[in-house]
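Residues in the sequence shown are numbered from 488 upward in steps of one, following our numbering. Think of the CB as a built atom: it goes at the ideal place given N, C-alpha and C, for glycine as much as any other residue. In this text, all values refer to a predicted model and were calculated from it rather than measured experimentally.
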Amino acid sequence: MSNADIGELLWRESEDAEGQRRFALRRAARAALHLWPEEAAAVAASGEITSLPYVGPRIAARIERWLAEPPDVPAPPATRRGYMTRAEAVRILGRDPSWARRLRGDLQLHTTFSDGGATLDQMSEAAAARGYDYVAITDHTKGLPIAGGKDEIAFAGQAAQIAARNLELEQQGARLRVLRGIEMNLDLKGEGDMDPALLRTLDIVLGAFHSKLRERDDRTDRYLGALRNPDVHVLAHPRNRMFSRRVGLGADWRRVAELAAELDKALEIDATPDRQDLDVETLAIVREAGCRVAIDTDSHSVMELQFVDFGLAAALGAAIPADRVVNFMPRQDLLAWTASLRERASRA
488 MSNADIGELL
498 WRESEDAEGQ
508 RRFALRRAAR
518 AALHLWPEEA
528 AAVAASGEIT
538 SLPYVGPRIA
548 ARIERWLAEP
558 PDVPAPPATR
568 RGYMTRAEAV
578 RILGRDPSWA
588 RRLRGDLQLH
598 TTFSDGGATL
608 DQMSEAAAAR
618 GYDYVAITDH
628 TKGLPIAGGK
638 DEIAFAGQAA
648 QIAARNLELE
658 QQGARLRVLR
668 GIEMNLDLKG
678 EGDMDPALLR
688 TLDIVLGAFH
698 SKLRERDDRT
708 DRYLGALRNP
718 DVHVLAHPRN
728 RMFSRRVGLG
738 ADWRRVAELA
748 AELDKALEID
758 ATPDRQDLDV
768 ETLAIVREAG
778 CRVAIDTDSH
788 SVMELQFVDF
798 GLAAALGAAI
808 PADRVVNFMP
818 RQDLLAWTAS
828 LRERASRA
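Okay, here's the thing in structure tokens:
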């Protein structure tokens, strides 16, 4: 049995449980998918199942019983289908150890400025400890007040904080630099909620949909509109799927990826375990279309930076060429790319 099988069985048991038992089963199910670095079967053969995160004696007994006599595992529903486990990501990255070393930085981080749980200093310090050359701070914009979105005046103030932090990093001899970014809220036509004058002062602009995410009809038009938005460089968490909550929006992904390639824009691989968006299947279409991708964690805490492995494994598993991953580029090349998009937009 794979960790994916175990996670599905634990999740299904949780649906019939209540209270603390329900919580424990769901926590273990998520851990099987997101945290266990090796298959439970291998751990059982060489050690204690309880060494795995969030596996106590009762849950361990269940898992050991399933491993001894594997039950039929129902196919997961659409909301839980197509997600990679941590153990799968580790195996994929093990095929090419040099792949992860190509990553220069993370282009979607959130701080306490909007809905993040860590400060700018804390996030940048953790990124520096990971050996990154750069990170982009991409807090939410005013069109998303539920996530602490801010207006143009507030972002101008954040610019001073980022400049001060970069000066500190330089004085410390650190390699890391913090880029000014934004996760701009997009409406159903792909139009943003911020003054273009402010956006032009940023190093990178991510655009993302945050409303009407359960529509079942084809929504290709939304994505084409977003890519044609002259201020957007990266389309963030494109499908907008969420583990066990929603399947995400439907679109003709080939058309979307082909337009992204034509406009030289990037589609994001959001490495958040509950998102994994884009997924490997859709990334195969992206590869064929020839467009760029950005591998980001969408981190709202220091701990979440580790989940970049899911995005790296998805790109490697889909055979995305290294030269199409924008955050494999040196910082100056990345900034030259976003500058070229602005120049192109100004001529349109």
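Quick one: using the 10 Å Cβ neighbour count with 16 as the cut-off for buried, is residue i buried or exposed?
| i | result |
| --- | --- |
| residue 495 | buried |
| residue 584 | exposed |
| residue 725 | buried |
| residue 492 | buried |
| residue 594 | buried |
| residue 786 | buried |
| residue 510 | exposed |
| residue 550 | buried |
| residue 538 | exposed |
| residue 722 | buried |
| residue 748 | buried |
Per DSSP, what are the beta-bridge partners of residue i in this structure?
| i | result |
| --- | --- |
| residue 814 | Partner(s): none; residue 814 has no beta bridge. |
| residue 669 | 692 |
| residue 627 | 670 |
| residue 637 | 628 |
| residue 755 | 781 |
| residue 618 | Residue 618 pairs with nothing; no bridge assigned. |
| residue 786 | 596 |
| residue 722 | 694 and 754 |
| residue 664 | 621 |
Just verifying my parser: in three-state terms, what is the DSSP assignment at residue i?
| i | result |
| --- | --- |
| residue 807 | coil |
| residue 679 | strand |
| residue 735 | coil |
| residue 568 | coil |
| residue 706 | coil |
| residue 764 | strand |
| residue 729 | strand |
| residue 542 | coil |
Tell me, to the nearest whole angstrom, how far the beta carbon of residue i is from that of residue j; I am working on the premise that it is less than 8 Å.
| i | j | result |
| --- | --- | --- |
| residue 634 | residue 682 | With 8 Å as the limit, residue 634 and residue 682 do not qualify as a contact, their Cβ atoms being about 19 Å apart. |
Give a yes or no on whether the minimum CB-CB distance between residue i and chain C is below 9 Å.
| i | result |
| --- | --- |
| residue 573 | Absent from the structure: chain C. Only one protein chain is present. |
Does the pairing of the segment 734-748 with the segment 762-775 give three or more beta-carbon distances under 8 Å? yes
Decide yes or no for the touch test of the segment 798-805 against the segment 686-706: beta carbon pairs closer than 8 Å, at least 3 of them. no
Could you say if the segment 646-662 and the segment 708-722 meet the contact criterion of at least three C-beta pairs nearer than 8 Å? no
Would you check if the segment 717-732 and the segment 560-579 touch, i.e. whether three or more CB-CB distances between them fall below 8 Å? yes
Whether or not the segment 571-584 and the segment 647-655 are in contact is what I'm after, with contact meaning three or more pairs of Cβ atoms, one per stretch, closer than 8 Å; do they touch? no
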